[in-house]
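Undergrad:
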Amino acid sequence: MDSNTTAVLFDIDGTLVDSTYHHALAWHRAFTPLGDAPALWRIHRSIGMGGDKLVAHVAGQEVEDRHGDALRDSWRQEYVKIRSEVRPLRGAANLVRHLSDSGVRIAVASSGDPEFAKEAVDLLGIGDRIEVLTTSRDVDGSKPEPDLIGVTLDRMGGIERAVFVGDTPYDVEAADRAGLGCIALLTGGFSSAELVEAGASMVAESAADLIGVDWPFYLSRR
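Each number in this note's numbering comes from the position in the sequence shown (counting from 1) with 23 added on.
1. Given residue 164, which residues of its chain have a CB within under 7 angstroms of its CB, disregarding the five upstream and five downstream residues?
2. Would you verify that the beta carbon of residue 151 is, or is not, closer than 8 angstroms to some beta carbon of chain D?
3. Buried or exposed: where does residue 133 fall if 16 or more other Cβ atoms within 10 Å of its Cβ makes it buried?
4. Should the segment 202 to 211 be called in touch with the segment 30 to 45, which here means at least 3 C-beta pairs below 8 angstroms?
5. By alpha-carbon positions, which one of 204, 40, 239 ends up nearest to residue 148?
6. Pull up the distance between the alpha-carbon of residue 106 and that of residue 224, whole angstroms please.
7. Of all the alpha helix (DSSP H) runs that stay within the bounds of the segment 181 to 206, which reach a length of 4 or more residues?
8. If we ignore side chains and look at the alpha-carbon of each, how far apart do residue 240 and residue 201 end up?
9. Can you tell me whether residue 129 is buried or exposed, with buried defined as 16 or more other CB within 10 angstroms of its CB?
10. Counting only the same chain and skipping the five closest in sequence on each side, list residues whose C-beta sits under 8 angstroms from that of residue 181.
11. With DSSP run on the structure shown, which of helix, strand or coil describes residue 40?
12. Within 10 angstroms of the Cβ of residue 192, are there 16 or more other Cβ atoms? Answer buried if so, exposed if not.
13. List, from N- to C-terminal side, the alpha helix (DSSP H) runs of 4 residues or more that fit wholly inside the segment 102 to 162.
14. Kindly list the residues whose CB is nearer than 8 angstroms to the CB of residue 217, restricted to its own chain and excluding five residues on each side of it in sequence; keep chain order.
15. According to DSSP, which residues form a beta bridge with residue 81?
16. What does a CB cutoff of less than 7 angstroms around residue 175 pick up in its chain, not counting 5 residues either side in sequence?
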């Protein structure tokens with residue numbers, strides 16, 4: 024691989040750190056005071072899209088119009104209470120270091136909160152390996168919109184071939200719409216069948232299983 028023009032982009036929640044269910048619980052607690060909160064399983068299956076889309080997706084547009092901003096504020100407060108319980112996913116930091124040591128340029132593109140994203144990078148100890156960190160603050164449209172990935176690639180500059188690594192159908196769709204393939208992981212709680220149906224180039228159990236992957240095979244030309 025020509026490392027100067029090759030990049031691997033990563034999602035964070037459910038891909039590098041085991042935070043998917045923490046976010047689902049925080050959202051459920053945010054909804055609960057309104058009464059008749061959406062079922063936790065339904066919220067879980069929406070984690071991966073941005074908070075700007077999640078409320079309407081799980082509770083309807085009327086709830087978004089009336090309570091959307093307040094719910095996002097409450098979600099944040101609830102997540103702060105449990106974020107210390109979040110742990111790195113198996114092999115995630117080693118994978119990033121392995122690719123970086125191979126000369127591949129690394130970026131992170133997360134629809135999540137900038138503070139929480141930076142916290143996850145620090146938890147993993149990979150800040151020195153990441154060239155660009157893009158979050159919800161940097162774009163108007165969250166996943167499955169392609170904006171986040173497009174902005175990340177533009178900020179890196181000079182990338183000719185790249186692939187995205189994520190854990191949800193929203194990651195797969197966003198990558199596809201940005202012109203990239205997506206290697207999907209099961210660590211976000213979606214099934215292999217769902218990820219393949221969404222268009223994933225490959226499905227692996229966790230980041231630890233990607234060390235020996237033939238990366239050039241999965242790189243998409245921009």
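Cβ coordinates follow ideal geometry from the N, Cα and C atoms, glycine included.
TA: The answer reads as follows:
1. 170
2. Considering every chain present, this structure includes no chain D. It has just one protein chain.
3. Around the beta carbon of residue 133, a 10 Å sphere encloses 16 or more other beta carbons of the protein chains shown; the residue is thus reported as buried.
4. yes
5. 40
6. 31 angstroms
7. 192 to 200
8. 18 angstroms
9. buried
10. 27, 28
11. strand
12. buried
13. The qualifying runs are 115 to 124, 137 to 147.
14. Result list for residue 217: 192, in chain order.
15. DSSP output for residue 81 lists no bridge partner at all.
16. 32, 130, 132, 155, 157
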